[in-house]
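Trainee: Pasting a structure here, questions to come.
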Amino acid sequence: MSERRWRFLYSALVIIRVLFAFKGTGYIHPDEIFQNPEIAAGYVWNTTDVFTAWEFDPAFPCRSIVPVFSTTTWVFLLLKFLHPHASALLVFAAERTSFLLLSFVVDYIVAKLRRPGLDRYRTLALLSSSHALLTYQLRPFSNSIELVLLAALLALVNHMRAHCEVVEVKVKTDIDLTATHLGWLSQWNTSAFLFGVILALGVFTRITFVAFAFPCGLAFLALSWKRACRGERPAERKLLSLLAAVLKAALPAAFAFLFTCLLVATTDTLYFHPFKSSSTLWSAPSLISHIFSNFTLTPLNSLRYNLRTENLAQHGLHPRWLHALVNAPMVLGVGNWVLVAKATYSNLRSHWFRNSKVQRGTTSGTKGSTENFMSTVYLLIILSGVGILSLQPHQEPRFLLPLLVPTTLLVSDSLVPQRLGIRARRAFLFLHVAQHAVLAIFLGFLHQGGVIPAISFISDFVSGISPSQDIGSFTVIFWKTFMPPRHLLVPAAVNRVPKIVDLGGSVPSAVAQTIASLFASGARTPTLLVVPSYAVAPLSEALKLTKSLDMRWEKVETFAPHMNMDDLAEALALGAEGFTLQLYRIYTADQ
1 MSERRWRFLY SALVIIRVLF AFKGTGYIHP DEIFQNPEIA AGYVWNTTDV
51 FTAWEFDPAF PCRSIVPVFS TTTWVFLLLK FLHPHASALL VFAAERTSFL
101 LLSFVVDYIV AKLRRPGLDR YRTLALLSSS HALLTYQLRP FSNSIELVLL
151 AALLALVNHM RAHCEVVEVK VKTDIDLTAT HLGWLSQWNT SAFLFGVILA
201 LGVFTRITFV AFAFPCGLAF LALSWKRACR GERPAERKLL SLLAAVLKAA
251 LPAAFAFLFT CLLVATTDTL YFHPFKSSST LWSAPSLISH IFSNFTLTPL
301 NSLRYNLRTE NLAQHGLHPR WLHALVNAPM VLGVGNWVLV AKATYSNLRS
351 HWFRNSKVQR GTTSGTKGST ENFMSTVYLL IILSGVGILS LQPHQEPRFL
401 LPLLVPTTLL VSDSLVPQRL GIRARRAFLF LHVAQHAVLA IFLGFLHQGG
451 VIPAISFISD FVSGISPSQD IGSFTVIFWK TFMPPRHLLV PAAVNRVPKI
501 VDLGGSVPSA VAQTIASLFA SGARTPTLLV VPSYAVAPLS EALKLTKSLD
551 MRWEKVETFA PHMNMDDLAE ALALGAEGFT LQLYRIYTAD Q
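Structural data, given as structure tokens:
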């Protein structure tokens, strides 16, 4: 394809991305809600009518609050300023806006890592057509933030590599470096400082960031060594002076890393253990004492938690080959994963061949090394990420989301006639489009797709009730759905947030008993039930067995599409109706 066609395709995919961001109500995993926007909404609207996940328990917090503050909290603060009682849809759009903007930051970084022209637009089109970008990356997952930070690290590594090459050329051509040394040194120190900041933010976002960033750290040290070698004349290259130069080059990164860690840890400490002065005057010594006595390192807590198999068993244990053989092909694409394997083989073969020629004295061993530097970094990130994360027995597909950028960059390099034949390229593109289109629609719209619209409807229902009407015991029961997000109800409800009862995958008899107990307690306010259509019949039978009350149903609304993979056979038995979510009002005969 020509550059013009790739550019047009990328532009079209950007429009599709915006549609997926604001119209894609698919619900991939509860963590997209309860590890970010649910916490942010509780903080911004100062309410306890949200669900606080165990990761944010002040007794043993395993998640830093800084990624939450950096992504959704600021857009919620802006929304609260512009529209204090925003509807559920506005809150939903606000949190999606934040991550949509972050996805464009990733686009910008990837564009900077590519040569202008065909290569750049081909890579951007491949990235934008990935279902991982259209679904996972547009949702408030911590993995989505991890991807952005890894992309930023790659941009810094590439920037430092380019400057090292400029200095190397000037040294080889015997050009005086005095005039440019100060400017170049300033740029290096700035890049190194930012490298340390981003590395620290990544560790506090997810402890798994270490697995992805490790090759970037090695690349940074290699470039620091190269900078030390090229910055001095050959006669002056003594080992001790070189080591001193390397340490000096790495010092800004080390300082920035430690300073950022201290700053984030202090923020976490004050969030999870608020400072309350005993006097009306603010006391700096007492504040410092409070921080030291309650100092919180969330990455350390997360590591301690995840190193215990009994803790991971609560979330599900998986075979250690799952990432490499199932999750990576699923998230990154089967075709992409095949080309990564091919690139791994080619890279190992080329290094072996080059080293063999060096040993025979047929080449200096330096030619072409800079051309493959970034490709080697991409490949090492993929191998390091999959390898280290595979050591953990709890493996979910989204854990590999940060690999989307290095994989796409590596695959884009493979889609050239010199490396892949025309038939192989066509086969790859067909497989790429087919897989990512199906998964984008499934995860973006179908999977648990009725939950968000149902919450939005309930939000409008609550805001439409007269303020004089007492709905203190207003209850909404969710059954056989993912955990319902409470935060979407908070702004519009104005301290009238209904009680949410999440029954998860309970058996019908337990659900019937819960409903009966609500009415037995004398409830005369609205009681709503949100349930997949295929679960209505078994619940109706269970309610008939509850003879203490004459309960009746009234269908209020239907939300489609809605697909629950746990009960796929039951849904298929009802045809199209089986893929809907129903909202019922339940009442007794005397209501």
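Okay, so the sequence shown: first residue is 1 according to this note's numbering, each after it adds one. Beta carbons are placed, not taken as given, at the ideal position from N, Cα and C, and that holds for glycine.
Applying the 10 Å Cβ sphere with the 16-neighbour rule, what's the burial state of His29?
Mentor: Result: buried.
Trainee: Taking only three categories from DSSP, how would you classify Thr588?
Mentor: Note: Thr588 maps to strand in three-state DSSP.
Trainee: I need the DSSP call for Pro58, collapsed to helix, strand or coil.
Mentor: Note: Pro58 maps to coil in three-state DSSP.
Trainee: Does the beta-carbon distance from Ala440 to Leu134 come in below 8 Å?
Mentor: In contact: Ala440 and Leu134 (Cβ atoms closer than 8 Å).
Trainee: Identify, in the order they occur along the chain, each residue of the same chain with its Cβ nearer than 7 Å to the Cβ of His318, setting aside the five sequence neighbours on each side.
Mentor: Excluding sequence neighbours, His318 sits near Pro393, His394 and Gln395.
Trainee: Between the C-alpha atoms of Gly26 and His436, what's the straight-line distance to the nearest angstrom?
Mentor: So the alpha carbons of these two residues sit roughly 15 Å apart.
Trainee: Should Pro485 be labelled buried (16 or more other beta-carbon atoms within 10 Å of its own) or exposed?
Mentor: Classification of Pro485: buried, given that the 10 Å Cβ count is 16 or more.
Trainee: Is it true that the stretch 474 to 485 meets the stretch 495 to 507, where meeting means three or more beta-carbon pairs spaced less than 8 Å apart?
Mentor: Yes: the two stretches touch, three or more of their Cβ pairs being nearer than 8 Å.
Trainee: May I have the straight-line CA-CA distance separating Thr260 from Gln187, to the nearest angstrom?
Mentor: Spanning the two alpha carbons is a distance of roughly 20 Å.
Trainee: For the putative contact between His562 and Gln448, defined by C-beta atoms under 8 Å, what is the C-beta separation to the nearest angstrom?
Mentor: Rounded, the Cβ-Cβ distance is 7 Å, consistent with contact.
Trainee: Three or more C-beta pairs under 8 Å: does that hold for the stretch 94 to 112 against the stretch 298 to 306?
Mentor: In short, these stretches do not touch, since the Cβ pair count stays below three.
Trainee: Looking only at C-alpha atoms, which of Ser129, Ala152 and Ala341 sits nearest to Leu410?
Mentor: If we check each option's Cα against that of Leu410, Ala341 comes out closest.
Trainee: Could you tell me whether the Cβ atoms of Asn143 and Arg398 are closer together than 8 Å?
Mentor: Yes, Cβ-Cβ distance for Asn143 and Arg398 is below 8 Å.
Trainee: Only counting the same chain, and skipping five residues up and downstream in sequence, which positions put a Cβ closer than 6 Å to that of Val203?
Mentor: For Val203, where only same-chain residues beyond five positions count, the Cβ hits under 6 Å are Phe209 and Pro299.
Trainee: May I ask you to report which of helix, strand or coil DSSP gives Pro234?
Mentor: Per-residue confidence for Pro234 stands at a pLDDT of 46, beneath the threshold of 50, marking its modelled position as unreliable; the derived number appears in the next sentence. Here Pro234 sits in helix by DSSP.
Trainee: Which stretch, first to last residue, makes up the beta strand (DSSP E) that contains Val476?
Mentor: Val476 -> beta strand (DSSP E) spans Thr475 to Phe478.
Trainee: Taking the C-alpha atoms as reference points, what is the distance between Thr97 and Leu379?
Mentor: Rounded to whole angstroms, Thr97 to Leu379 spans 31 Å at the Cα level.
Trainee: Just to confirm, is the Cβ distance from Pro526 to Phe457 under 8 Å?
Mentor: Contact flag unset, no.
Trainee: Tell me, which residues are paired with Gln582 by DSSP?
Mentor: Val531 and Thr558, per the DSSP bridge assignment.
Trainee: Thinking just about the alpha-carbon of each residue, which of Ala569, Leu574 and Thr376 is nearest to the one in Arg349?
Mentor: Residue Thr376 is the option with its Cα nearest to Arg349.
Trainee: Enumerate in chain order the residues of its own chain whose CB-to-CB distance from Lys80 is below 6 Å, with the five nearest sequence positions on each side excluded.
Mentor: Once the five neighbours on either side are set aside, the close Cβ partners of Lys80 are Val44.
Trainee: Between which residues of its own chain and Leu489 is the CB-CB distance below 6 Å, once the five residues before and five after are set aside?
Mentor: Within the same chain, Leu489 has close Cβ partners Ser459 and Val497.
Trainee: Looking only at its own chain, which residues have a Cβ that is under 6 Å from the Cβ of Thr366, when we skip the five neighbours before and after it?
Mentor: With a pLDDT of 44 at Thr366, under the threshold of 50, the modelled position of this residue cannot be trusted, and the question is left open.
Trainee: Below 8 Å between beta carbons: does that hold for Val14 and Ser128?
Mentor: Against a cut-off of 8 Å, the Cβ pair of Ser128 and Val14 comes out as a contact.
Trainee: May I ask you to report which of helix, strand or coil DSSP gives Ile500?
Mentor: Note: Ile500 maps to strand in three-state DSSP.
Trainee: Going by C-alpha distance, which of Ile291, Arg5, Thr267 and Phe275 is nearest Phe69?
Mentor: Among Ile291, Arg5, Thr267 and Phe275, the Cα nearest to that of Phe69 belongs to Thr267.
Trainee: Starting from Asn311, follow the alpha helix (DSSP H) in both directions and report where the run begins and ends.
Mentor: Note, Asn311: alpha helix (DSSP H), Thr309 to Ala313.
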